[in-house]
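To start, the structure under review is shown below, and the notes come after it.
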Amino acid sequence: MSSLSRRAVVTGGAGFLGSHLCDFLLERGYDVLCLDNLLTGSTDNIAHLLGHPKFKFGKHDVTEYMFVEGPVDAVLHFASPASPVDYLEMPIQTLKVGSLGTHKALGLAKTKNARFLLASTSEVYGDPLVNPQPETYWGNVNPIGPRGVYDEAKRFAEAMTLGYRRYHGLDTSIVRIFNTYGPRMRPNDGRVVSNFIVQALQKKPLTIYGEGEQTRSFTYVSDLIRGIVALLEADKSPEMETPFNIGNPEERTVRYLADLVLKLTGSTSPILKQPLPVDDPQVRCPDIRRAKSI
Ligand code: UDP
2 MSSLSRRAVV TGGAGFLGSH LCDFLLERGY DVLCLDNLLT GSTDNIAHLL GHPKFKFGKH
62 DVTEYMFVEG PVDAVLHFAS PASPVDYLEM PIQTLKVGSL GTHKALGLAK TKNARFLLAS
122 TSEVYGDPLV NPQPETYWGN VNPIGPRGVY DEAKRFAEAM TLGYRRYHGL DTSIVRIFNT
182 YGPRMRPNDG RVVSNFIVQA LQKKPLTIYG EGEQTRSFTY VSDLIRGIVA LLEADKSPEM
242 ETPFNIGNPE ERTVRYLADL VLKLTGSTSP ILKQPLPVDD PQVRCPDIRR AKSI
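Sequential numbering of the sequence shown, starting at 2, is according to this note's numbering.
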């Protein structure tokens with residue numbers, strides 16, 4: 002799909018990733034309609050876009066019917082709480098936006114004959130028994146654990162997306178997003194990169210959960226967004242049916258990250274070990290061969 006005179010709807014467009022996506026789509030010449038109920042998103046993230054001639058914002062809960070006038074070429078479904086702290090506090094909203102919200106967003110794409118792109122997650126792999134994770138790995142998810150509300154909502158969203166593709170012939174793609182960091186993460190977001198940086202700058206202890214031996218692979222937000230838009234604009238092909246991991250394949254321990262933040266900030270904050278959250282994945286690293294191949 003070329004970006005010329007194209008119109009995209011971004012659900013969750015006022016969130017961390019959604020707002021960067023709006024920025025990049027506008028840069029590429031798209032008209033952008035951003036929908037967000039501002040549960041975890043904020044108009045601060047899109048304030049700089051509000052006067053842009055090609056940008057529109059609608060405050061809308063995407064679990065409710067979405068009425069959009071005019072043509073739409075792409076629907077990108079990014080609405081959801083995504084920090085563990087948020088989805089533990091908002092379990093019902095998280096389940097609803099992944100299920101009902103995905104259904105509504107798919108319905109919009111179908112009405113408009115638009116390409117649909119689902120923001121899925123590395124959480125579909127749960128606490129993985131295979132490392133790195135290829136897309137063919139089915140995962141190790143506890144459906145009734147505290148993280149189940151997010152993991153299962155996203156797994157349902159993937160299944161729903163494939164249902165629309167296979168039954169209605171909708172043009173779809175799914176990206177499984179791995180840990181991402183960058184500007185516009187909320188300081189109190191609760192995720193590890195923002196926590197450590199804020200703690201280091203405020204000279205408070207860096208809270209390592211468990212021994213800090215668990216691993217993550219951190220992607221800078223602009224790299225992720227470029228990958229997602231490349232996927233959006235990739236030629237329609239049977240290969241697009243199954244999900245694509247996008248992330249940084251370099252795996253690091255949480256302890257390594259804490260030491261790096263201390264070094265870069267010059268902070269003298271001590272380390273404070275805290276209990277490991279229930280079902281916290283012990284390893285996480287994307288196998289990105291599929292994304293590279295397209
Ligand atoms: N973590 C930590 N200290 C914090 C926040 C998180 O040690 O203050 C750990 C957490 O237990 C997990 C990893 O950092 O193993 C990444 O957590 P985050 O909340 O960023 O996202 P997740 O990858 O678990 O979705």
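Even for Gly, the Cβ is constructed at its ideal location relative to N, Cα and C.
In this text the structure is predicted, and so the values were computed from the model without any measurement.
Contact test: residue i Cβ vs the ligand UDP heavy atom, cutoff 6 Å
{"i": "Tyr-210", "result": "yes"}
{"i": "Arg-256", "result": "no"}
{"i": "Pro-85", "result": "yes"}
{"i": "Asp-281", "result": "yes"}
{"i": "Arg-192", "result": "yes"}
{"i": "Asn-132", "result": "no"}
{"i": "Gln-203", "result": "no"}
{"i": "Arg-217", "result": "yes"}
{"i": "Asn-196", "result": "yes"}
{"i": "Asn-143", "result": "no"}
Minimum C-alpha distance to residue i - residue among the options
{"i": "Val-76", "options": "Glu-65, Thr-44, Val-262, Leu-119", "result": "Leu-119"}
{"i": "Asp-74", "options": "Phe-25, Asp-172, Pro-85", "result": "Asp-172"}
{"i": "Ser-6", "options": "Arg-253, Lys-60, Phe-56, Ser-223", "result": "Phe-56"}
{"i": "Gly-267", "options": "Val-199, Asp-190, Val-279", "result": "Val-199"}
{"i": "Glu-124", "options": "Ala-160, Arg-185, Gly-140", "result": "Gly-140"}
{"i": "Tyr-31", "options": "Val-150, Glu-65, Ala-106, Pro-72", "result": "Pro-72"}
{"i": "Thr-103", "options": "Ile-47, Lys-204, Lys-155", "result": "Lys-155"}
{"i": "Val-69", "options": "Ile-175, Ser-195, Val-33", "result": "Val-33"}
DSSP bridge partner residues for residue i (one or two, in chain order)
{"i": "Gly-127", "result": "Asn-141"}
{"i": "Val-11", "result": "Cys-35, Leu-77"}
{"i": "Arg-116", "result": "Ala-75"}
{"i": "Ser-121", "result": "Arg-177"}
{"i": "Arg-253", "result": "Arg-217"}
{"i": "Phe-245", "result": "Val-176"}
{"i": "Tyr-210", "result": "Gln-275"}
Legend entry - Stretch-stretch touch, CB-based, cutoff 8 Å, three pairs: the stretch 282-289 with the stretch 122-135: yes
Legend entry - Completely contained beta strand (DSSP E) runs for the stretch 257-292, where each covers 3 or more residues: Counting whole runs of 3 or more residues, the stretch 257-292 contains the beta strand (DSSP E) stretches 272-275.
Inset, instruction - Pick out the complete alpha helix (DSSP H) segments inside the stretch 38-63, 4 residues or longer, and give them in chain order. - result: The DSSP assignment places no complete run of the alpha helix (DSSP H) inside the stretch 38-63 (cut-off: 4 residues).
Inset, instruction - Counting only runs of 4+ residues fully inside the stretch 78-102, write out the alpha helix (DSSP H) ranges in chain order. - result: 85-90
Legend entry - Every unbroken alpha helix (DSSP H) within the stretch 132-199, with a cutoff of 4 residues, ordered by chain: With a minimum length of 4 residues, the continuous alpha helix (DSSP H) runs that stay inside the stretch 132-199 are 149-169.
Inset, instruction - Mind the definition here: the stretch 179-189 touches the stretch 215-225 only if three or more C-beta pairs lie below 8 Å; say whether that holds. - result: yes
Legend entry - Stretch-stretch touch, CB-based, cutoff 8 Å, three pairs: the stretch 13-21 with the stretch 30-42: yes
Legend entry - Cβ pair count under 8 Å reaching 3, the stretch 258-271 against the stretch 56-66: no
Legend entry - Contact between the stretch 163-171 and the stretch 100-114 (3+ Cβ pairs under 8 Å): yes
Inset, instruction - Report yes or no: do the stretch 238-258 and the stretch 41-53 share at least 3 C-beta pairs separated by less than 8 Å? - result: no
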